[in-house]
Structure formats: structure tokens, C-alpha cells
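K.L.:
Sharing a structure with you now.
Protein chains in written order, with my numbering: chain A, 1 to 171; chain B, 1 to 171; chain C, 1 to 171; chain D, 1 to 171.
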């Protein structure tokens, strides 16, 4: 192995609408810290998952939907870049954005923000992405069903945008 | 954000000796699986950490060493690519390789293997890397001390190579 | 060891006011399930912790308060009894009640409920308790400061009771 | 609720052979600590699980056995009492003892020890128990199959007792 895995920015192959984003609030749990007094790096992967699940739920795709469709979306790649330390009991905003959607793969990018809900001025705590593959109950690759594809590309179903983030900002 | 984070292979800036590798065995715990019946993707990050800690311990750097030096090595980037599903109770080999060592950063690449300990024929379950930054107790960047640098570039201290992997192969 | 550890009901030594309770909502994360498709039993311990932290926060005791007082409250005993299976993505209510408060120890009892926020009719998913000991930064037992004791025995500071549970019920 | 859950010692209803014990070594992972610098209390529940799985494996019951029998053994009660703080990178011995086995329930008691493998002089870090119920794939209670019952009451199958603990003592 004389070549290292490196990460860079590349053009996104298929543009997705600006509404393909959801924001969700998490509070750091005690057991998610480590002896350095900060959030353990593995925890961010779990926050990304919470954000991604919320992205789907707000568009009407809960876990039962996937089960009925007979498919799963296991993670095949995950990346996290840590920018700032986060500590116990802090409230963070997970921003999940759909950045790629092909016949068999779904890609989300995440930003973990600290602040009052203004995503332009809030401090970036961490960022990253996950790539998911669509598989059947037998773990064999499957095409993402057209209705699921349409829902993923759509906006949040509830008209009020980001109620939790607003509530946080109002405190 | 019109450019996505992508991962590719790039030339390694500074070559490191072939002995800069350690292998360690982990067994999948029940609580590390998820409802898909497979190892939860966040768990791999934890296995990488176990492998990295073992790499350092076999060269004489335990956690007390870092504490005495007054430094920490928090993870600033982590990446995992999942190749094959792993399940509860499986025995996996974590191969941790030092691939970059600068004045302030340490990079490890990992391969998670299933098999009898032959790293050329064993099945690749997952691979990835972590980038660590050297910081002081105040979380401010610090230069890696020369003695720690030398130890990290060195071979394992115990003469018998990979006893655990051998024991596994002998079963 | 010819006698087993058993659990039973016993009179509570010091009665505490009925207002010594807080309720908080958690949603089951994907990584908190296991291959049986249900919430992994270790996860409940983490939910109890979330509930206990919230009990204190709503009375004005956040983590910084404890740090300024120079004390910690590590868990010295924890018990969970599982009643019903809970699954991925379910919304559960953690009810945390202060049931004992001596000079050096704090005891909380928990009920994990599934339902719309009516704690008399909601289904009991799990129950348990944790016993915490007050220690200094050196992990040596310390008396709980009188002001912390008074706050723990007090009611929630915000007038609106259980806003999250109400919000859940309204959906 | 005017009576608290309390824990005490009680006579064991059915005596089990002295060979109904297994010992297994775990090393504390970085992500298992918390900001107090010690092992997070929820982690002990996970160590007990590792010990229990090992108890069964050494008697020939691996997870596939249970799957073939069509049964699961979910945890219905878990208790931990913390005696001493354990820290990152420490090596601990999990002692798992079968203390009760009825037609539908299995009870294990655990001692977590720090030391060279001498269980009479080693320091007790934590102790506790778990009660498991036998259920079918449908989560409905099932009788423990006679062959599984017999195996659980039997000794470890490999003649060499506690090889890992011996290896640890030899270092």
C-alpha cells in the first residue's frame, strides 16, 4: 500500500434541490464523552445517523416504510472531520443534506453546528458524509424504489421549517 | 455546497518502514450489532481505536506515557469503508498501519480482516483511516515529542510477532 | 457465594415531595438496537442517565454547577427491569424520581413509558434505579453541599410542567 | 410509590455445581471511559454480556446454536454495583457464574476483578447479575430446551482452565 486514502472536494454529479436538507437538535449525553472531557469521535457517527433518520421521517419515510418495501440502507462509507471540541450537555444542530442519489446509492453530507440555529454564523463542530447502499433483506443490492427516490428528493412534509431549531433559538 | 467530499488514493508524502504495522484480534460483541443483524457501522470506528491503542502499546507507548508527556492525540478525521457484513461473535483481525507522521499529525490506516490470520488471503471486511493531531492538556496543538516520534516509527518491541493472530490461526 | 443478590421493595427512609419528578422524551436510535430487533438492554442505563441529567438541569443544576462545587456524582449502583420490548424509532418517556437523598448519596428511580404522556395509562417498558455517591475531584466521598441538596429536593424551575411530554401528546 | 426497590442477599433456590463459572479477560477501551476519566457505568453491563457469551461458548453454545433452537435469551433484569474505579487500558477479569436455572429463566452473577488472575486476592471492581428469559423468535416465553439446560449446568469443554487468565498472570 504505497498510496494513501485521501479526501478532497469534487463536483457533485447530479444536482439536487436546495430543499434537500433537514436540521435536528441533539444534546450531548454524559456517556458520549471520553476521558479527554470531550465528545468521543465515534459519537459523531451516531449523530449523523440520528440526522439522517430525521431527514427521512420528515418526508414520510419511517423505518416501517423501508421494512414494507423490503429494503435496507446500510452505510457503506462514513467520514467525519472534527473541527471544534464539543462537551457534555451541549446542544448541537445536525444538518443533513442529500447530495447524491443514484439507482442504488444515497449520499448524505452533514454539518454539526453549535449556536442558536443560524446556520451561516454558527460554529462548525464537525462535518462529514455517509454513503448508503440499497439492499434487500438478503443483503443483496437492490434498486431504490421510484416512490422512495421521489420522497428523498422532496421537501419536508410539515410546512413549518425546523421547529426544533427555532425553539432552540428562542430560548 | 456544490462540491462533495470525495475520497481517493494519493501518493504518501513520507515513506514509513514496513514494520510500522500491528495486528490485533477483536470479537464482535452482542451490543455492537444492530437490528439488521450485522455489526453497526459506528462499531468499526471503535475497533480502529482498539487497533491503534494496541499499535502504540506494543511499542511501549501506553496511556500513562502520553499523560506524562502532557499530550493527547485526539482524532481529527476518521473514515470507514464497509466491504462485507460482519456478524455477532465473529473474530476479526484489526490491522493498523502508520502511514504518515509529521511534526503535529499521525495517520493510521486500518484493514479489518476475517480469516485465520493470513493477511494476503483473508477477506476484507472494512478499511479506513484516522488522522490524529497532537495537542496539549489545553487542547492547543503541540509538536509530537522526538522520543514519541521515534517510537511510533519503530517496530513492535516484543520479538514474537502477532501472537494473538498466530493463536487464532492455530485453532 | 451461596446467597444470591435479590431485589425487593422496602420502606423509603426519608419521604420526598411529590414534585421530585421530571419527565423527558427520548427517541430510540438505530445504533441502540441489537440483532434481536429491540433496544439493547445496556441502552436503558443510558436513557436513565439522560433523564437524571434533565431532572437536575430543570432545577438549575447543570454540569458546570457540579464542576464549580468541585464534586461529581458517579453511579455506584444501577438496576434495570425490562417489561416490554421497545424498538427502533419509538418515542419513550423517561420518568426520573428522586427517592432518597442523604448526606452523601442520591437515589433516583426511573420508569420508561410508551404512550402519549399520560403516566397512569402509558405502557411500562422498563423501570429501575441508580444510586449515586457524592465525591470530590479526587474520587474521595464528600458531603453533598446544602445548596445542591435544597435544589435536588425542589420543584422544576420552569412553570410549565413537562412541555416535551405535552408536545408529544398533542401530535 | 412509597416503597423503594432494594437489593439484598437471599438463599439460592437451586444449588448449581461449582464448575458453573467462566472467567474472561477484557481490556478497557478508550471510548468506554467518560469525562470523569473512569469507565462509564453502562460499560460494565457490556462486560457482563461479554462474560456471559463466553460462558456459553466454552460449553459449546454459540449464537448459531440458539438460532437453530429457535430461541433467544433477552435480558429481563440487570444490576451492577460499582466498587472501585477502573480506568482506560486496564485489563479486567470478568467472572461469570450461573446461579439459577429454571424452566424459563437463567441467572448469572458477575464479578469484575483487577489483578493477576487470583480470584481470592484480586481487587473487586464491580459485581452484579443479569436475569435472562427464554423466548422464541416471536418474543413469546418458551421453555429452555433440555439439551441447552444440560450444557448450561455442565463444565467448560476445553480441558485447560482459563487459559487467558493464566496468560495474563504469566506476564
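Note that beta-carbon positions come from the ideal geometry of N, C-alpha and C, so glycine has one too.
1. Enumerate in chain order the residues of its own chain whose CB-to-CB distance from residue 171 of chain C is below 8 Å, with the five nearest sequence positions on each side excluded.
2. Can you list the residues of chain C that residue 140 of chain A reaches, using a CB-CB cut of under 8 Å?
3. So which residues on chain D does residue 86 of chain C lean against when the C-beta distance must stay under 7 Å?
4. With distances taken Cα to Cα, identify the nearest neighbour of residue 142 of chain B among B/152, B/101, B/71.
5. Which term fits residue 169 of chain B, buried or exposed, when burial requires 16 or more other beta carbons within 10 angstroms of its beta carbon?
6. Looking at the unbroken alpha helix (DSSP H) that takes in residue 67 of chain D, where does it start and where does it end?
7. For the segment 17 to 54 of chain C, which segments carrying the beta strand (DSSP E) assignment without a break, of at least 3 residues, lie completely within its bounds, in sequence order?
8. Among all the DSSP beta bridges, which residues are the ones paired with residue 113 of chain A?
9. Given 8 Å as the limit, is there contact between the segment 116 to 135 of chain A and the segment 60 to 67 of chain A, that is, 3 or more CB pairs closer than that?
10. Tell me, please, whether the segment 19 to 32 of chain D touches the segment 144 to 160 of chain D by the rule of three or more beta-carbon pairs shorter than 8 Å.
11. Tell me the rounded alpha-carbon separation between residue 121 of chain A and residue 93 of chain A.
12. Along chain D, which residues have their Cβ under 8 Å away from the Cβ of residue 89 of chain B?
13. Does any residue of chain D have a CB that is nearer than 7 Å to the CB of residue 81 of chain C?
14. Expressed to the nearest angstrom, what Euclidean distance is found between the alpha-carbon atoms of residue 148 of chain B and residue 44 of chain B?
15. Just to confirm, are residue 75 of chain C and residue 132 of chain C a CB contact at a threshold of 7 Å?
16. Ordered along the chain, which non-local residues of its own chain (more than five positions away) have a Cβ less than 6 Å from that of residue 88 of chain D?
17. Can you grab the Cα-Cα spacing for the pair residue 146 of chain A / residue 83 of chain B, in whole Å?
18. Note down, in chain order, every chain A residue with its Cβ under 7 Å from the Cβ of residue 30 of chain C.
19. Quick check on residue 46 of chain B - is its C-beta less than 7 Å from some C-beta in chain D?
20. Indicate the three-state DSSP secondary structure (helix, strand or coil) for residue 146 of chain B in the structure shown.
21. Return the Cβ separation of residue 42 of chain D and residue 46 of chain C in integer angstroms, given the expectation that the two are a contact with Cβ distance under 8 Å.
22. Please classify residue 26 of chain A as buried or exposed, where buried requires at least 16 neighbouring CB atoms within 10 angstroms.
23. In the DSSP output, which residue or residues are listed as bridge partners for residue 130 of chain D?
24. Taking the C-alpha atoms as reference points, what is the distance between residue 108 of chain C and residue 38 of chain A?
25. Let's test the definition: count the other Cβ atoms within 10 Å of the Cβ of residue 15 of chain D and tell me whether it reaches 16, buried, or not, exposed.
26. Looking at the C-beta of residue 209 of chain B, does it have a partner C-beta in chain C at a distance below 7 Å?
27. Since residue 77 of chain D and residue 81 of chain C should fall inside the 8 Å C-beta cutoff, what is the C-beta to C-beta distance between them, to a whole number of angstroms?
28. Starting from the beta carbon of residue 39 of chain B, find every residue of chain A whose beta carbon is closer than 9 Å, and list them in chain order.
29. Compare the C-beta of residue 128 of chain D against all C-beta atoms of chain A and say whether one is closer than 7 Å.
30. Taking its Cβ as the centre, do 16 or more other Cβ atoms sit within 10 Å of residue 52 of chain B, making it buried, or is it exposed?
31. In three-state terms, what does DSSP make of residue 101 of chain C?
32. Short check: CB of residue 111 of chain D to CB of residue 123 of chain D, under 7 Å?
33. Does the CB of residue 78 of chain D have a neighbour CB from chain C at under 7 Å?
P.N.:
For this structure:
1. In this prediction, residue 171 of chain C scores a pLDDT of 44, lower than 50, which makes its location untrustworthy; no coordinate-derived value is stated.
2. Ordered by position in chain C, no residue passes the 8 Å Cβ test against residue 140 of chain A, which lies about 19 Å from the chain.
3. Those within 7 Å of residue 86 of chain C in chain D number zero; the least Cβ separation is about 12 Å.
4. Comparing alpha carbon positions, the residue from B/152, B/101, B/71 closest to residue 142 of chain B is B/71.
5. Because the pLDDT at residue 169 of chain B is just 46, under 50, the model does not fix this residue reliably, and the value given afterwards should be weighed accordingly. It is exposed - the Cβ of residue 169 of chain B has fewer than 16 other Cβ atoms within 10 Å.
6. 63 to 69
7. 21 to 27
8. A/93, A/124.
9. no
10. yes
11. When rounded, the distance between both Cα atoms is 13 Å.
12. Within 8 Å Cβ-Cβ: 53, 57, 62, 63.
13. Yes, its Cβ sits closer than 7 Å to a Cβ of chain D.
14. 26 Å
15. yes
16. 28, 30, 33
17. 26 Å
18. 49, 53
19. Taking a beta-carbon distance threshold of 7 Å, residue 46 of chain B counts as an interface residue toward chain D.
20. Note: residue 146 of chain B maps to helix in three-state DSSP.
21. 6 Å
22. Buried.
23. D/78, D/108
24. 26 Å
25. exposed
26. Residue 209 of chain B cannot be examined here, being either before or after the span of chain B that is shown, 1 to 171.
27. Indeed, because the Cβ distance is near 5 Å, the residues count as touching under 8 Å.
28. Within chain A, no residue comes near residue 39 of chain B; the closest Cβ sits about 10 Å away, beyond 9 Å.
29. no
30. buried
31. strand
32. no
33. yes
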